Amino acid sequence: MEYLATNDPYVLWNSLYERYGHLRSVILPNARSEWKPSSYKTLSVAVAIIVAINIVVAMAVAIIKVVDIIKIIIIYLVQQPASPPVSHAHSHSLLLRSPSYSHGLSTSHSLSLTAVSPTSPSFLKNSTSASPNRRWLRLLLRRFPTSVKLRPSLKFWLKWLKKGSTEISCERKIFFFLCVVVAAVIKFSFAVVKPLPLTSLLLHLEMGELAADKHVKYIISVEKKKDSFESVVMEHLRLNGAYWGLTTLDILGKLDAVDEEDVISWILKCQDESGGFAGNIGHDPHVLYTLSAVQVLALFDKVDILDADKVSNYIVGLQNEDGSFSGDIWGEVDTRFSYIAICCLSILQRLDKINVDKAVEYIVSCKNLDGGFGCTPGGESHAGQIFCCVGALAIAGALHHVDKDLLGWWLCERQVKSGGLNGRPEKLPDVCYSWWVLSSLIMIDRVHWINKDKLVKFILDCQDMENGGISDRPDDAVDVFHTYFGVAGLSLLEYPGLKPIDPAYALPVDVVNRIFFSKK
Ligand code: GRG
């Protein structure tokens with residue numbers, strides 16, 4: 006009623022303000038939050054989640070150093086209890102002297118100015134209770150000069166943390182602390198467990214496993230099924246097949262699954278009077294089967310049972326005037342036979358019986374402008390021939406003839422989208438090139454130029470997971486040749502559980518060491 010009697014609106018406004026003005030700070034804030042639409046609340050939760058993700062990702066993944074995360078936690082844990090109330094003037098000058106100014110941290114600047122604003126009597130009232138929080142923030146900012154990149158994020162977080170007041174609520178502070186702890190845990194796990202790049206991590210998740218036991222069973226079954234199609238078509242090159250199968254078993258640590266005596270007596274029956282070995286009993290000798298015989302005997306540590314001079318004389322007789330080698334008496338010349346002769350004589354410790362310089366000279370004459378090697382001078386570069394030439398040069402100690410960068414470039418371009426390797430440009434990938442290309446890359450020290458994980462996945466995708474064996478490409482029929490080169494390729498790629506294989510001698514490293522370093 007008393008207001009109805011007031012005529013002057015200005016007087017009326019002032020008396021109403023005097024009587025109800027205080028409600029502005031008591032009822033209004035509550036009412037405002039009660040009337041907040043629920044969608045706005047959802048939005049706040051969403052913003053909180055975004056801030057949490059931002060804090061964790063920024064700290065854990067890239068920007069902040071582990072030591073800085075530790076600093077934040079320590080600052081949080083060791084913050085001092087509230088300091089005694091300070092006078093307005095004192096607090097002002099104290100904050101102005103804060104080193105954070107000199108670091109140019111604008112967040113700190115605005116925080117301090119807000120806190121000491123002389124036009125804010127409510128701040129003075131809160132100064133004692135707000136002090137620990139503000140000190141925490143000041144310490145945080147002051148000790149952050151190292152993480153320059155973090156400052157924009159820090160500004161954003163602090164703005165969110167103290168939103169709506171000069172004070173940071175306890176909940177938001179705990180929230181921030183938890184985010185930092187999560188970031189620290191992630192950061193430490195990444196520091197302890199060697200981090201994998203994301204693509205590589207995904208590749209590992211997709212990758213199958215080597216079905217080692219199944220491959221052992223498959224190789225033994227092929228060996229036993231002498232009437233099978235595979236055995237019949239391989240009849241003439243059975244000694245070479247024996248090398249593939251038995252070396253695979255040795256790499257898988259299962260050489261004892263075969264009868265050693267049976268194998269050795271059969272091999273000896275394949276030897277010809279010339280000293281060379283044939284692919285099977287009663288066939289013609291060839292330098293390829295001679296190497297296979299020597300390699301299989303080396304697997305069983307039985308090279309000594311051979312007459313090394315007789316075998317090496319056979320090989321010596323196949324060297325031509327120009328340093329090249331023929332495969333047998335019929336005279337075909339190919340850099341494959343140069344490798345075979347050099348490798349075999351080296352295992353027999355009879356390399357000095359041939360003209361090594363001439364052999365090297367011939368191999369070098371087969372080098373092409375692209376850095377690769379062909380079968381004969383001018384022959385197209387092919388990964389199989391490259392293995393032979395690089396392997397022969399490696400054994401002969403003449404790798405300086407290889408242009409490693411040029412050849413490395415050509416070889417690493419053999420990797421196609423699926424991760425598999427082809428033998429020359431525009432050709433399909435094939436598991437066997439995992440050996441021919443990879444061993445060459447290792448010998449010239451350029452293996453890091455291909456994506457090893459993708460190649461591992463390609464080889465594993467070529468396995469028959471039911472019956473064992475590896476094929477040339479995914480979903481094709483398996484055979485012993487590709488099973489050997491798949492497993493040997495995985496061994497070169499350091500796949501766990503496999504014996505390491507020597508890239509030049511194509512024999513397990515322990516076998517090569519036994520040949521050259523054991524005292525007999
Ligand atoms: C002891 C491992 C070891 C080897 C002995 C025989 C030998 C020495 C090396 C052979 C090197 C070589 C020429 C391998 C290539 C084999 C292969 C798959 C040839 C297929 O050639 P193409 O033209 O196939 O039919 P692309 O893939 O070119 O279409």
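Residue numbers (the working numbering): 6 to 525. For each residue, glycine too, the CB sits at the ideal point set by N, CA and C. Fair warning: this is a prediction, and the values are worked out from it, not measured in the lab.
Quick check on DSSP: helix, strand or coil for residue i?
i           : result
residue 109 : Confidence is the limiting factor: at residue 109 the pLDDT is only 31, short of 50, which leaves the residue's position unreliable, though a coordinate-based value still follows. Of the three classes helix, strand and coil, the one that applies to residue 109 here is coil, per DSSP.
residue 370 : helix
residue 288 : coil
residue 10  : coil
residue 331 : strand
residue 276 : strand
residue 484 : strand
residue 300 : helix
residue 210 : helix
residue 283 : strand
residue 378 : strand
residue 475 : strand
residue 257 : coil
residue 324 : strand
residue 338 : strand
residue 390 : helix
residue 426 : strand
residue 449 : coil
residue 32  : helix
residue 359 : coil
Closest to residue i by C-alpha separation, out of the options, would be which residue?
i           : options            : result
residue 504 : 35, 185, 57, 253   : 253
residue 53  : 316, 75, 11, 166   : 166
residue 521 : 16, 309, 191       : 309
residue 258 : 287, 305, 279      : 305
residue 4   : 312, 363, 287      : For residue 4 there is no data in the structure shown, the boundaries of the chain being 6 and 525.
residue 496 : 339, 25, 27, 514   : 514
residue 466 : 191, 216, 317, 50  : 216
residue 460 : 509, 426, 277      : 426
residue 485 : 408, 226, 15, 27   : 226
residue 395 : 414, 523, 372      : 372
residue 502 : 181, 61, 255, 31   : 255
residue 50  : 407, 18, 177       : 177
residue 405 : 387, 388, 433, 450 : 450
residue 526 : 286, 289, 288, 276 : Any question about residue 526 goes unanswered here, given that the chain covers just 6 to 525.
residue 411 : 454, 323, 431      : 454
residue 508 : 464, 191, 488, 392 : 392
residue 407 : 414, 388, 369      : 369
Nearest-angstrom Cα distance between residue i and residue j?
i           : j           : result
residue 518 : residue 248 : 18 Å
residue 419 : residue 210 : 25 Å
residue 421 : residue 437 : 14 Å
residue 20  : residue 183 : 50 Å
residue 376 : residue 321 : 29 Å
residue 58  : residue 208 : 25 Å
residue 9   : residue 175 : 47 Å
residue 273 : residue 456 : 42 Å
residue 245 : residue 428 : 21 Å
residue 350 : residue 342 : 12 Å
residue 241 : residue 336 : 19 Å
residue 390 : residue 269 : 30 Å
residue 469 : residue 483 : 7 Å
residue 458 : residue 205 : 7 Å
residue 284 : residue 301 : 13 Å
residue 127 : residue 193 : Because residue 127 carries a pLDDT of 34, less than 50, the predicted location of this residue cannot be relied on, and the following value inherits that uncertainty. Residue 127 and residue 193: Cα-Cα distance of roughly 43 Å.
residue 473 : residue 186 : 48 Å
residue 416 : residue 56  : 48 Å
residue 452 : residue 75  : 39 Å
residue 409 : residue 445 : 10 Å
residue 188 : residue 179 : 14 Å
residue 423 : residue 385 : 25 Å
residue 328 : residue 229 : 41 Å
residue 523 : residue 430 : 43 Å
residue 112 : residue 35  : Residue placement at residue 112 is poorly supported in this model, since its pLDDT is 33, which falls under 50; the coordinates still yield a value, given next. Roughly 29 Å separates the two Cα atoms.
residue 12  : residue 60  : 59 Å
residue 16  : residue 7   : 12 Å
residue 303 : residue 432 : 35 Å
residue 162 : residue 63  : 11 Å
residue 118 : residue 47  : Here the model assigns residue 118 a pLDDT of 29, short of 50, so the residue's position is not dependable, and the following value carries that caveat. The straight-line gap from Cα to Cα measures roughly 32 Å.
Say the cut is 7 Å; is the CB of residue i nearer than that to a heavy atom of the ligand NAP?
i           : result
residue 344 : In the structure on display, the ligand NAP does not appear, and the ligands it does have are the ligand GRG.
Report yes or no: is there a C-beta of chain C within less than 8 Å of the C-beta of residue i?
i           : result
residue 258 : Of the chains in the structure shown, none is chain C; there is only one protein chain.
I want to know whether the region 216-226 touches the region 482-493 - three or more CB-CB distances under 8 Å.
yes
Determine, using beta-carbon pairs with one atom in the region 353-365 and one in the region 378-387, whether at least three such pairs fall under 8 Å.
no
Count the CB pairs spanning the region 287-294 and the region 263-271 that are closer than 8 Å, and state whether there are at least three.
no
Does the region 432-441 touch the region 400-415, meaning 3 or more C-beta pairs lie closer than 8 Å?
no
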